[in-house]
Amino acid sequence: MKTYKKILLVLSLGLTLNSCLDLDPQDQLADGNLWGSVDDFKYFTTNFYGWTRDFKSVISDGPHSDWRSDIMTSSSKNAYSNGSNSIPTSNGDYTGNYAHIRRCNLLLQKAAAYSGTGDISRYAAEAKFFRAYCYFDLVQLFGNVIITKEPLDITSPELRMSRNDRGEVIDFVIQDLKEAAEVLPDVIVTDDEGRISKWGAYAFLSRVALYEGTWQQNRNNEERAKHLLKIAADAAKKVIDSKKFELFKPAALGDMAYKYLFILENTQSNPANLTKSANKEYIFSRRHDETIAPIGTNITHGCVANVQYINRKFVNMYLCNNGLPVDHPKSAEIFKGYDGLTSEFTNRDNRMKNCLLPHGTKYWDNDKPHVNWTEEEDGLVCNVFQGSGYQNKKWGTERSVKDEFEGYDFPIIRYAEVLLNYAEAMYESGITGQELDNALNISLNLVRLRVNPDMPKLTTAFVTANSLNMQEEIRRERTIELYNEGFRIDDLKRWNMAIVEMPKPILGVKWKGTDFETGWPKAIDMARDAEGCLILESGRRWSSKNDLYPLPVDQRQLNPNLGQNPGWE
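Per the working numbering, the very first residue in the sequence shown carries number 329; after that it's consecutive.
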C-alpha cells in the first residue's frame with residue numbers, strides 16, 4: 329500500500345510552468361547533475377503524467393469538454409460552443425503544450441548523450457509518447473503548428489519559422505507513437521501502476537489516426553484518409569488482439585455496470601463492493617485517491633442533477649430497446665412518448681438510465697449516500713425543475729465523501745473507445761457486408777450490448793431491414809458511449825459536421841401539453857419551439873473557421889511568420 333501511494337502521489341504531480349514557444353528558463357531544466365542515473369530519467373518523466381486530461385478540464389469548461397459541443401449547456405452561454413469566441417491575447421493551451429514538448433525534447437537530448445549504467449530506453453519512449461500527446465492536442469486545436477525536435481534557446485531558428493502542415497505534424501506524432509510502443513512495457517507492474525504501456529501507445533495511435541483520417545476524408549483527401557484509417561484500424565486491432573483489456577460488466581452490477589465503472593474507488597462505491605482492481609477497461613488513466621490525490625473539483629455536485637443542462641437532441645439519440653431510434657415507425661408502440669415526467673425513459677438503451685436521472689426517481693450522492701447499498705434505502709428524489717429538465721448523474725458518487733475528495737480515476741483512454749475506433753475505421757475504410765459485420769461483432773456490438781444484452785446487434789442486415797444509415801448508427805454509438813468524457817466537439821469537427829450541428833438551438837424537455845407544464849409552471853416564461861420544447865439557447869452560429877482556434881496575439885507578435893488560421897485574419 330505504501331508503494332502504491334508513493335507512485336500515485338508522484339503521478340498526480342505535474343509541472344505548472346506556462347512558457348511561450350520561444351524559451352523556458354534554462355537553469356530550471358538543463359542542470360547536468362540531474363541526468364546521472366536511471367532514477368533521474370524516471371523522475372523527470374513522472375512529471376509528464378500531470379499533463380493529461382482530467383476531470384477539471386473535461387466535466388467543466390475546457391477545449392475538449394462537452395460544454396463546448398452541441399449536447400449540453402449551462403446557466404451561462406459558452407462562447408466556444410455558440411461560435412462567438414474571438415482572437416485571444418494569449419492561449420495557455422498553445423504555450424503549455426510547447427512548454428511540455430520542450431521538456432520531452434530535453435529528456436530525449438539527455439538520453440541520447442547518457443553514458444551511465446542501466447537502461448533508460450523506457451523513459452525515452454515515455455517522452456516520445458507525451459511529445460506525441462501534446463502535438464496531437466495542438467493539431468486538434470490549431471491545425472498547422474511548428475515541429476520542434478530539440479529544446480529551444482534564444483538563438484533557435486524555430487522561433488521565427490512558419491508552421492508545419494498538419495499532415496507533417498500527424499506523421500511525426502504517428503512515428504513517435506510507433507517508436508514508443510516498440511519500447512514501452514507490455515505489462516505495467518504494481519510499482520509502476522499508472523504509467524503508459526505499449527498498449528496505451530497503440531490505443532492512442534488509433535485515436536490519432538482515426539481523427540486525422542476522418543478529418544481528411546471529410547475534406548476530400550481520400551488517399552490520405554485511406555492511409556490513416558488503416559493505421560487506426562491496425563493499431564486498435566493490436567489492442568484487441570492483446571486480450572489484456574475487457575469491458576467492465578460484472579454480473580453483480582447487472583444493467584447498471586456502466587454507471588459504476590466511472591465511480592469505482594478502493595472503498596465501497598457500488599453495491600457489489602468492487603474496487604478499482606475489477607476494472608480492466610481503463611488502458612491509461614489519471615489516477616486519484618481520496619487521501620493523497622483527490623479529484624480536486626466538485627465533481628458530484630458539478631454533475632449530478634441540474635448543473636449540466638442536457639440537450640434534448642442528445643437524449644433522443646438513445647435508441648429504444650429494439651435497437652431503433654425513437655422516431656422509427658417500428659418504435660411507435662415501444663417508445664412511450666414525452667407526456668409524462670419519466671415516460672421517455674421507458675424501453676430505452678440502458679445507458680440512458682445509467683447516465684440520466686428521470687424526474688421523481690431516487691438517487692444517492694455524497695449528501696445522501698448509500699449505507700447498506702440496497703435500492704430500498706432512503707435517497708434523494710429527483711424533483712428539481714431547472715435547466716433543460718433533463719438531469720445528469722454520470723460521474724456522481726453514491727458514497728459519503730467530502731466535496732472534491734472523490735477518488736475515482738479519469739479514463740484518458742479506455743477499451744470501449746478503442747473498440748469504437750476500430751469499428752469506425754473499418755467502416756470508413758469502405759469495408760462492407762460480412763467483413764464489416766465481423767468487425768462490428770468484435771468491437772462496437774460489445775459496447776452496445778454491455779448493459780443491453782437483449783438489444784439487436786448492429787449489422788448490415790439490421791440496417792438494411794430498418795432503412796437505417798450505418799454511418800449514422802456508428803456515430804450514434806460513439807456519442808452515447810463517450811458522453812461527458814470530452815469527445816463530442818472533436819468528433820463533430822473531424823466529421824465536418826460541427827457546421828451543421830452546432831448552430832442548432834439547444835432544447836430542453838417537451839413542456840407544452842405534458843406533465844412538465846403542470847409540475848414546472850415557472851417555465852411558462854421560457855421560450856419554446858413549435859413542438860412545445862423549451863429553448864435554452866438560440867441564435868447559435870458556426871462557420872468553418874470555428875473548427876480551429878485562432879492563434880493568440882502574443883505568439884504572432886513573437887513570430888510574425890506564424891500566420892493565422894483561415895477566417896480569423
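For glycine and all other residues, C-beta sits at the position ideal for the given N, C-alpha and C. All values reported here derive from a predicted model rather than from experimental measurement.
With respect to the 9 Å criterion, ALA537 and LEU557 are classified as neighbours on the basis of their beta carbons. The DSSP-derived three-state label of ASP853 is helix. Beta-bridge partners of LEU685 (DSSP): GLN719. The Cβ neighbour count for LYS571, taken over all protein chains shown within 10 Å, is under 16; the residue is labelled exposed.
HIS629 has its alpha-carbon roughly 11 Å from the corresponding atom of ASN720.
Beta-bridge pairing by DSSP links CYS648 to ARG676. The way I'd put it, the stretch 748–765 doesn't touch the stretch 848–857; fewer than three beta-carbon pairs between them come closer than 8 Å. Judged by DSSP in its simplified three-state form, PRO739 adopts strand. A distance below 8 Å between beta-carbons, with the five flanking residues on each side excluded, links CYS710 to the following residues of its chain, in chain order: ALA633, LEU685, PRO686, HIS687, GLY688, THR689, LYS690, TYR691 and GLN719.
At the C-beta level, GLY761 and CYS631 stay beyond 9 Å of one another. If you draw a straight line from the Cα of TYR743 to the Cα of GLU800, it is about 22 Å long. DSSP, reduced to helix, strand and coil, places CYS432 within a helical segment of the structure shown. Contact between SER418 and PRO880 holds, with the beta-carbon distance rounding to 5 Å and staying under 8 Å. Within the DSSP secondary-structure output, THR401 pairs in a beta bridge with TYR637. Beyond the five residues adjoining it in sequence on each side, LEU533 comes within less than 6 Å, by CB distance, of LEU505 and ALA563 in the same chain, given in chain order.
When DSSP reads this structure, CYS861 sits in a beta bridge with LYS838. PHE457 sits in a helix when the DSSP states are folded into three classes. Sequence-distant partners of ASP389 (beyond 5 residues in either direction) whose C-beta falls short of 6 Å from its own C-beta, in its chain, are TRP395. For the set LEU764, HIS656, PHE713 and ILE852, the Cα lying nearest the Cα of VAL635 is the one of PHE713.
DSSP, reduced to helix, strand and coil, places ASP731 outside both helices and strands of the structure shown, so it counts as coil.
Here TYR408 has ARG396 as same chain residues with Cβ atoms under 6 Å from its own Cβ, once five neighbours each way along the sequence are excluded.
In the structure shown, ARG614 adopts extended strand secondary structure according to DSSP, grouped into three states.
Here the stretch 649–659 does not lie against the stretch 620–629, with fewer than 3 beta-carbon pairs under 8 Å apart. Annotated as distal: LYS608 and GLU593, with beta-carbon spacing of 9 Å or more.
For ALA509, the uninterrupted alpha helix (DSSP H) segment begins and ends at 494–511.
Residue pairing for LYS690: DSSP places it in a beta bridge opposite VAL709. Secondary structure at VAL517: coil, using DSSP grouped into helix, strand and coil. Residue pairing from DSSP places VAL473 in a beta bridge opposite ASN492.
By DSSP's assignment, ALA621 forms a beta bridge with ASP617.
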